[in-house]
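So the structure is just underneath, and the comments pick up after that.
Protein chains: 2
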Amino acid sequence: PVVVKELTKVYRPDDPGLTVRALDGVSLRAERGEAIAIIGSSGCGKSTLLHILGCLDRPTSGTYRLEGRDVAGLDEDERARVRNQHIGFVFQSFNLLPRMTARENVALPLLYAGTSNPGELAERALARVGLADRAHHRPNELSGGQKQRVAIARALVTRPSILLADEPTGALDSRTSGEVLELLTHLHEEGTTLFVVTHDLEVARRLPRSVRMSDGRVLHDGPSDAV
Amino acid sequence: PVVVKELTKVYRPDDPGLTVRALDGVSLRAERGEAIAIIGSSGCGKSTLLHILGCLDRPTSGTYRLEGRDVAGLDEDERARVRNQHIGFVFQSFNLLPRMTARENVALPLLYAGTSNPGELAERALARVGLADRAHHRPNELSGGQKQRVAIARALVTRPSILLADEPTGALDSRTSGEVLELLTHLHEEGTTLFVVTHDLEVARRLPRSVRMSDGRVLHDGPSDAV
Ligand SMILES: Nc1ncnc2c1ncn2[C@@H]1O[C@H](COP(=O)(O)OP(=O)(O)OP(=O)(O)O)[C@@H](O)[C@H]1O
Ligand SMILES: Nc1ncnc2c1ncn2[C@@H]1O[C@H](COP(=O)(O)OP(=O)(O)OP(=O)(O)O)[C@@H](O)[C@H]1O
Ligand SMILES: [Mg+2]
Ligand SMILES: [Mg+2]
């Protein structure tokens, strides 16, 4: 399970006029294999929470136990290892490496993990998001929605046990959006734990549970059909 | 009016296996003060068309006359002047300058135009998108939707006669999205010509006319209520 308790994230704590409480006491528990939407207004703390769950950032206070292990206290290298072995992350602004092709970007996590056939697995992941014919394009030769799909392919190529996706359909038209949701649903059926930040309530309603945030806190946590 | 005829944009024309016809013969005419949504699947050419309309890019072939003037044939400096004097552009990936604050980013077009009171006008523009309290934050200290709103504020601070917005609500929740649409509608009522690329059909339906694209061409051009 994923268990966070009383997480806070405070920027510029020493500067009262500039202090931002991006997370102001967030607690939640997810069992393995759950699929959860995180929703809420622009600036309410969704990406901040997702980065902490993804071991990309540390909270100011509070605890985070991943499958029973305290991960908030790990050092940089240990967190990198947890990320590479267990976590797939789709960034809100994609974060593709500009000098590498789509195929090279997607293969990168496999190279870190020492997996064989990285190129072939990368091409299959690209095919699953409809971009087989863009494998050798660089990010500046791709449309916004194509970059988003490359970021998605990269996040799932290592078959992570936890997939964290920050607005994965934000740049996609409704049909392509539907295809990506099919893909995520399929992964979930195979046992992947899913956290999907989205401001699209149609996306949220396709996941069993929704956590609504506001001003760094959880307002509501329950079945998505109430959303 | 904005008049484009038979625009094409072809990448890698000399490499048959890699040739991409991003625009494959696009024609349209917009009268001054019209508001038009551009919709279509990921990769169909919307951003490419918008960049040509915004004088940020040149077509491979075809013509573009803006208020009777042939702009496709202008050199780099002349196009920069047209942009600064007449056009506001909201980029799909925001394109904020990372080392400047929100306020400095928004003030930049005013500095180029030699306008007095750039700082004050920038702050008012930020207030209109709900970000008065983020004026001194840099882009990496802002959420995705906050960056998008700074990009919007920057595009409208010079009161351009033509506003080109590439997915301006893509990173926004429904309430903030609604506020941005109100703002755009207001500008339109004041006479601004609007081109809004969007994959959100709710946004498209709020504009009188929609142009649907597919594979670099216009599939359909007419009233949005048919969309
Ligand atoms: N420099 C380039 N070299 C080759 N192909 C390119 C280049 N730039 C863009 N393309 C291709 O041109 C096509 C149109 O791109 P464009 O960005 O206009 O799409 P779009 O409709 O805005 O898509 P989205 O909805 O995903 O943002 C895409 O298929 C893209 O891969
Ligand atoms: N380095 C920083 N310094 C100061 N404030 C920050 C910093 N990084 C983020 N913030 C603030 O933290 C708050 C939460 O940001 P976060 O990115 O989590 O929002 P979000 O819910 O993902 O928003 P969006 O829907 O717009 O993507 C925002 O108000 C933002 O301005
Ligand atoms: Mg975010
Ligand atoms: Mg685009």
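These protein sequence lines map, in sequence, to chains B and W.
Using my numbering, read the first sequence as starting at -18 and increasing by one per residue.
Using my numbering, read the second sequence as starting at -18 and increasing by one per residue.
Ideal placement from N, C-alpha and C gives every residue a C-beta, glycine not left out.
On a predicted model such as this, the values are computed, not experimentally measured, just so you know.
Contact set for residue i: own chain, Cβ-Cβ below 6 Å, skip 5 residues either direction
i               : result
T29 of chain B  : K(-10), A3 and L4
L137 of chain B : G69
H169 of chain B : A16 and L175
R46 of chain W  : V(-16)
G35 of chain B  : I68, F70 and L145
Neighbour list for residue i in chain B, Cβ cutoff strictly below 7 Å
i               : result
G24 of chain W  : S124, G126 and Q127
T82 of chain W  : Correct list: empty, because the minimum Cβ distance to chain B is about 12 Å.
H169 of chain W : What H169 of chain W touches in chain B: nothing, since even the nearest Cβ is about 23 Å away.
Contacts that residue i makes with chain W (C-beta to C-beta distance below 8 Å)
i               : result
G21 of chain B  : D154
E148 of chain B : G125 and A152
S28 of chain B  : S124 and G125
T157 of chain B : S22 and S23
S142 of chain B : What S142 of chain B touches in chain W: nothing, since even the nearest Cβ is about 26 Å away.
S42 of chain B  : Those within 8 Å of S42 of chain B in chain W number zero; the least Cβ separation is about 20 Å.
Contacting residues, own chain, Cβ-Cβ under 8 Å from residue i (five flanking each side not counted)
i               : result
C25 of chain W  : M194, S195, D196 and G197
T139 of chain B : N65, G69, P90, L91, A94 and T96
G126 of chain W : A152, L153, D154 and T157
V192 of chain B : L9, I17, A18, I19, I20, V199, H201 and D202
N76 of chain W  : A132
T0 of chain B   : V(-9), Y(-8), R(-7) and P(-6)
D38 of chain W  : K(-10), T29 and H32
L112 of chain B : A83, Q127, R130, V131 and A134
L164 of chain W : R109, V110, I133 and L137
E160 of chain W : V110 and G111
R119 of chain B : P79, R80, M81, T82 and A83
Residues that residue i bridges to, as DSSP identifies them
i                 : result
K(-10) of chain W : W:L4
F70 of chain W    : W:L145
I19 of chain B    : B:V178 and B:V192
D202 of chain W   : W:V192
A11 of chain W    : W:V(-17)
Proximal chain B residues relative to residue i, where beta-carbon distance stays under 9 Å
i               : result
Q66 of chain W  : Neighbours of Q66 of chain W on chain B: none; closest Cβ ~27 Å, over 9 Å.
S195 of chain W : Those within 9 Å of S195 of chain W in chain B number zero; the least Cβ separation is about 11 Å.
S222 of chain W : No answer is possible for residue 222 of chain W: the residues shown for chain W start at -18 and end at 208.
7 Å Cβ cut-off: residues of chain W touching residue i
i               : result
H32 of chain B  : Per Cβ cutoff of 7 Å: no residues; H32 of chain B is ~11 Å from chain W at best.
H201 of chain B : By Cβ distance, chain W contributes nothing, its closest Cβ being about 14 Å from H201 of chain B, past 7 Å.
S191 of chain B : Here the premise fails: no neighbours, minimum Cβ distance about 13 Å.
Neighbourhood of residue i by C-beta distance below 7 Å, restricted to the same chain and skipping five residues each side
i               : result
R13 of chain B  : P(-18) and T174
G100 of chain W : R84 and A88
V184 of chain B : A18, T150, L162 and V177
D58 of chain B  : none
A11 of chain W  : P(-18), V(-17), I17 and T174
A116 of chain B : T82, A83, R84, E104 and L107
R186 of chain B : S205, D206 and V208
D181 of chain B : T150
Closer than 8 Å at the beta carbon, the chain B residues around residue i
i              : result
S97 of chain W : The contacting residues do not exist; S97 of chain W stays about 28 Å from chain B at best.
S8 of chain W  : Within 8 Å Cβ-Cβ: nothing; S8 of chain W doesn't reach chain B, min ~21 Å.
Distance cut-off 6 Å: residue i Cβ against heavy atoms of ligand 6
i               : result
G125 of chain W : This structure does not include ligand 6; its bound ligands are ligand 1, ligand 2, ligand 3 and ligand 4.
Handout entry: Sufficient close CB pairs (3 or more, under 8 Å) joining the region 59 to 71 of chain B to the region 143 to 163 of chain B
Key = Output reads yes: the region 143 to 163 of chain B touches the region 59 to 71 of chain B.
Problem - Segments assigned alpha helix (DSSP H), at least 4 residues, entirely inside the region 130 to 191 of chain B - result: Here the runs fully enclosed are 155 to 170 and 182 to 186.
Practice task
Answer yes if the region 76 to 91 of chain B comes into contact with the region 53 to 63 of chain B, meaning at least three C-beta pairs across the two stretches below 8 Å, and no otherwise.
Solution key: No, the region 53 to 63 of chain B does not touch the region 76 to 91 of chain B.
Handout entry: Contiguous beta strand (DSSP E) assignments of at least 3 residues, all confined to the region 40 to 71 of chain W
Key = Positions of the beta strand (DSSP E) runs, each at least 3 residues long and wholly inside the region 40 to 71 of chain W, are given as 42 to 47 and 68 to 71 in order along the chain.
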